[in-house]
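Those sequence lines, one after another, are chains S and Z. Take -15 as the starting number for the first sequence in the numbering used here and just add one per residue. Take 84 as the starting number for the second sequence in the numbering used here and just add one per residue.
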Amino acid sequence: MKISFLLHNAYGIGGTITTTFNLAQALAERHEVEIVSVLRHREHPNFALDPRVSLRPLVDLRHEKEHPLHLRAAKVFPVAEYRYRQYSELTDRRIGECLAATDADVVIGTRPGLNVHLALQGPEHVVRVGQEHLTLDNHPPRLRTTLRRAYRRLDVLTTVTEADAAAYRRKMRLPGVRVEALPNSVPDPVLPAADGTAKVVVAAGRLVPVKRYDLLIEAFAPVAAAHPDWQLRIYGKGEEQTRLRQLIQRLGLSDHALLMGAAAPMEAEWVKGSIAACASNFEPFGMTIVEAMRCGLPVVSTDCPYGPGEIIEDGVDGRLVPVGDPGALGAALLDLVRDDERRRRMGRTAMANARRFAPVPVVEQAERLIDEARSARGTGRPVAPPEGGRIQRALVSQGFAARDAAYAAASGALRTVRRGRR
Amino acid sequence: MNTRPDTKPDTTRGTHLRVDCTADADGRIVFALPPTAADNGGSPRLLLRLRPKKGQPEKTVHPLDLEPAHDGRLLAVLERRPALAEGRWDVYLLPEPDAPRQRLRPGLRDLRALVDGHTRDRPAPVAVRVPYVTKDGYLAVRAWLRTAHAEVEGIDVTDRSMTVRARLHGTPLAEGAAVRLRLRGGDGTVRMVEPRGEGDGRAFSFVVDYADLVGDGGTRDRVWDLSVQASPGAGATPIRIGRLLDDVADRKEVFVYPAAVVGGGVVRPYFTVDNDLSVEVK
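What follows is the structure in structure tokens.
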């Protein structure tokens, strides 16, 4: 079977690129796999790609930035998509040609706008799989309205969490489309796991407000006061750096809460800790939680939408605490700091439980989804298994569709009004 | 979402090889290269080079044999002794005795054994090695070599003073010991502070009153470097106070202390680029 991924830019850095590479490489064990990168801006990708996976760019920005068609706005790629400005008539045309000529049996889109291309332009014989790495509820209403129409033409739509899959099933009427959660995978760690003895709490991610590192630092203050030999290490860079630094100094935590800067790969940093922490208000998946667990660390996380609650089993392989509550976060950290045996036990359980996010089980699920979609295609059945309550769900989803359309129209009108005032 | 690379680093396509390393608590470092780093039958070596000062010739190199391990990787061991001279050591591969050397990128640096390094008392001389990533993305080893060392364990800052807790390694703290703050680049101006021993002959603490550092109302920026004379007498060598005994090779931007405004100056303790403790007045 030939599988083709359609990716925004394989030459950048980011969660979608990492997880697409991981999945493509794992599929390459048994299939012919290519990654089509719409954009290219440098010679080599940042991550090594298994030589069995071929990589094909469509628009090379190093030579084609000024291409006349690239200066004209895209018409197929949806206007409401986050990356709209990076797309053009040139990308429209190249993606369309690529899909028309594809010899793949399965094409997998990896972001909303590319899923739209695939839905509208994928040839009939191709199984169309759309992947969503963000979440429906956080898409702007105008994008949701576009996707609602286009996604009906997909065979399979995958989300990274069950919660997001449930949102698509409830809020979008997608008859015949199989909607299923396919989690991101995290490669098997190379280093020996953490042994739970280090007096270090580790967190990692971009230093941006949604990650709530301010909350984590505040929560750590009572831990450092009671156990001054413990450290909190935060890895990452970002706009919050200065503010977090000031908070650390104001709380007198200069020796205890450390902004370590960016680290890549994180694996060698996770194993220096014995607890990991995530204080986010929102995590579409929670890749760092899985990474830390695979290295043998129990994770104390906020129970924010959507990922953490599907990754962590509270009290078994980590802790889930209410969002935005420094007291609860601090108390959960303190519990694990004080109880060496529990911390180590939870760390071992975390490592075992996180194996479900290893490339092998994730790729097996992906293969099963693809096989079922192909055989459904072959027999002319709809891909989605028949279920009861269809009319009820249809009515509910129509309600959401009407609301999104109204929001989209209203925000359009508002823009017109604002423009008029200028 | 994850923004950091966690697929395997590029070892095939890039122009630079990546080398993994593992550090032991006693300073021993094992370097590991992928099997593809050398041709079959070659005699590859790893070369550590003490980075010379700008414009100076290279003087000190430390070659290590690379031996194939059971998994096919090529291993080089930097034993605890001899100690490396203080400075930054760049890491190269010598694929063949006469082949041009090739600078190496870092792979996984397993430094977990170094994290609580300050909890173990060191004999004299105090030798420390921390593998790190240079600003331009290569692997290097930071080395310190000192007869004795005073390790900062914590600094409590108020709006008029700081209290430093430290521990001596390589020499005991004698009766009559003194902490010395020396004005950098000046005429030898010093301030002396009496440390308080914690009873085990190693741990001590001292308070620096910022008013003593602002002093004469001079406006120019000044830096005070801190050291301790472990025993009394004019012959006692000052031991630089710093923080070296963990896995953090560049501490300046990681351990950052609040500033205080005293007598028209802004006073702040900080770790220098060499991880020594100083106080700046601006």
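In this text, a Cβ means the ideal position worked out from N, Cα and C, and glycines have one as well. Since we're looking at a predicted model, the values are computed, not measured.
Residue i versus residue j: straight-line alpha-carbon distance, rounded
i, j, result
"Ile322 (chain Z)", "Val306 (chain Z)", "17 Å"
"Pro29 (chain S)", "Gly(-4) (chain S)", "7 Å"
"Glu371 (chain S)", "Asp148 (chain S)", "Confidence is the limiting factor: at Glu371 (chain S) the pLDDT is only 48, short of 50, which leaves the residue's position unreliable, though a coordinate-based value still follows. Rounded to whole angstroms, Glu371 (chain S) to Asp148 (chain S) spans 19 Å at the Cα level."
"Thr333 (chain S)", "Asp154 (chain Z)", "29 Å"
"Val247 (chain Z)", "Leu237 (chain S)", "14 Å"
"Arg328 (chain S)", "Val186 (chain S)", "15 Å"
"Ala246 (chain S)", "Arg217 (chain S)", "11 Å"
"Leu374 (chain Z)", "Glu251 (chain S)", "Absent from the structure is residue 374 (chain Z), since the part of chain Z shown begins at 84 and ends at 365."
"Lys256 (chain S)", "Asp107 (chain Z)", "13 Å"
"Pro180 (chain Z)", "Leu147 (chain Z)", "12 Å"
"Gly80 (chain S)", "Glu267 (chain S)", "33 Å"
"Ala350 (chain S)", "Leu228 (chain Z)", "55 Å"
"Lys365 (chain Z)", "Val344 (chain Z)", "9 Å"
"Leu360 (chain Z)", "Phe354 (chain Z)", "5 Å"
"Cys82 (chain S)", "Val111 (chain S)", "15 Å"
"Val100 (chain S)", "Tyr135 (chain S)", "7 Å"
"Leu313 (chain S)", "Gly189 (chain S)", "18 Å"
"Ala385 (chain S)", "Arg95 (chain S)", "20 Å"
"Glu234 (chain Z)", "Leu327 (chain Z)", "7 Å"
"Arg352 (chain S)", "His109 (chain S)", "19 Å"
"Arg133 (chain S)", "Thr75 (chain S)", "21 Å"
"Glu50 (chain S)", "Glu18 (chain S)", "27 Å"
"Lys195 (chain S)", "Ser126 (chain Z)", "49 Å"
"Val305 (chain S)", "Val170 (chain S)", "24 Å"
"Leu138 (chain S)", "Leu102 (chain S)", "8 Å"
"Cys104 (chain Z)", "His240 (chain S)", "27 Å"
Assumed close pair residue i, residue j - CB separation to whole angstroms, cut-off 8 Å
i, j, result
"Leu191 (chain S)", "Gly220 (chain S)", "5 Å"
"Ala207 (chain Z)", "Thr241 (chain Z)", "Between Thr241 (chain Z) and Ala207 (chain Z) the Cβ distance is about 34 Å, and since that is not below 8 Å, they are no contact."
"Ser258 (chain S)", "Ala178 (chain S)", "6 Å"
"Ser38 (chain S)", "Leu53 (chain S)", "Contact flag wrong, Cβ pair sits at about 25 Å."
"Leu264 (chain Z)", "Val291 (chain Z)", "7 Å"
"Arg157 (chain S)", "Ser381 (chain S)", "4 Å"
"Leu130 (chain Z)", "Leu197 (chain Z)", "At roughly 23 Å, the Cβ-Cβ gap does not stay under 8 Å, so Leu130 (chain Z) and Leu197 (chain Z) are not in contact."
Start and end residues, alpha helix (DSSP H) containing residue i
i, result
"Val276 (chain Z)", "Where Val276 (chain Z) is concerned, there is no enclosing alpha helix (DSSP H), although the beta strand (DSSP E) it sits in stretches over Val273 to Val276."
"Gln115 (chain S)", "Note, Gln115 (chain S): premise wrong, no alpha helix (DSSP H); beta strand (DSSP E) at Val111 to Gln115."
"Val347 (chain S)", "Pro343 to Thr363"
"Ala134 (chain S)", "Pro125 to Ala134"
"Asp324 (chain S)", "Asp324 to Asn337"
"Tyr197 (chain S)", "Tyr197 to Ala210"
"Val297 (chain Z)", "Ala294 to Val297"
"Val274 (chain S)", "Met271 to Arg278"
"Tyr152 (chain S)", "Glu146 to Lys155"
"Gln230 (chain S)", "Gln225 to Arg234"
"Pro189 (chain Z)", "Segment Arg188 to Asp193 is the beta strand (DSSP E) holding Pro189 (chain Z); no alpha helix (DSSP H) there."
"Glu253 (chain S)", "Glu251 to Trp254"
"Phe5 (chain S)", "Gly(-1) to Leu11"
"Gly293 (chain S)", "Pro292 to Ile295"
Delimiting residues of the beta strand (DSSP E) encompassing residue i
i, result
"Gln215 (chain S)", "Gln215 to Tyr219"
"Ile(-13) (chain S)", "Lys(-14) to Asn(-7)"
"Cys262 (chain S)", "Ile259 to Cys262"
"Gly180 (chain S)", "Careful: Gly180 (chain S) lies outside any beta strand (DSSP E) and carries neither H nor E."
"Ala210 (chain Z)", "Val209 to Val216"
"Gln312 (chain Z)", "Arg305 to Gln312"
"Glu65 (chain S)", "Per DSSP, Glu65 (chain S) belongs to no beta strand (DSSP E) and is neither H nor E."
"Leu42 (chain S)", "Val37 to Asp44"
"Ile324 (chain Z)", "Ile322 to Gly325"
"Ile238 (chain Z)", "His232 to Val240"
"Phe266 (chain S)", "No beta strand (DSSP E) contains Phe266 (chain S), which DSSP labels as neither H nor E."
"Ser244 (chain Z)", "Ser244 to His252"
Per-residue contacts from residue i into chain A (C-beta, under 8 Å)
i, result
"Asp330 (chain Z)", "Here the protein chains are S and Z, and chain A is not one of them."
- Message: Can you pull out the residues from the stretch 280 to 291 of chain Z whose beta carbon lies closer than 9 Å to at least one beta carbon of chain S?
- Response: none
- Task: Determine which residues of the stretch 234 to 261 of chain S have a Cβ less than 8 Å from any Cβ of chain Z, and write them out in chain order.
- Result: Arg234, Gly236, Ser238, Asp239, Leu242, Leu243, Met244, Gly245, Ala246, Ala247, Ala248, Pro249, Met250, Glu251, Ala252, Val255 and Lys256
- Interface residues of the stretch 146 to 178 of chain S facing chain Z [CB-CB below 7 Å]: Val170, Pro171, Val174 and Leu175
- Members of the stretch 178 to 205 of chain Z that neighbour chain S once the beta carbon cut-off is set at 8 Å: Leu191, Arg192, Asp193, Leu194, Arg195, Val198 and Asp199
- chain S contacts made by the stretch 237 to 259 of chain Z, where a contact means CB separation under 9 Å: Residues Gly237, Ile238, Asp239 and Val240.
- Item | Short-range partners of chain S found in the stretch 340 to 362 of chain Z, where Cβ spacing is below 8 Å | When CB distances to chain S are screened at a threshold of 8 Å, the residues of the stretch 340 to 362 of chain Z falling below it are Tyr340 and Pro341, in chain order.
- Message: Which residues of the stretch 218 to 229 of chain S have a Cβ closer than 7 Å to any Cβ of chain Z? Give them in chain order.
- Response: Arg229
- Only counting runs of 4 or more residues, tell me where the alpha helix (DSSP H) segments fall wholly within the stretch 109 to 175 of chain Z, in order along the chain. none
- Task: Within the stretch 83 to 111 of chain S, note down every full alpha helix (DSSP H) run reaching 4 residues or more, in order along the chain.
- Result: For secondary structure counted as the alpha helix (DSSP H) over 4 or more consecutive residues, the stretch 83 to 111 of chain S holds these complete runs in sequence order: 96 to 105.
- Item | the stretch 114 to 140 of chain Z: positions lying closer than 8 Å to chain S by Cβ | none
- Along the stretch 178 to 205 of chain S, what residues have a CB closer than 8 Å to any CB found in chain Z? Ala178, Ala182, Lys183, Val184, Ala188, Gly189 and Arg190
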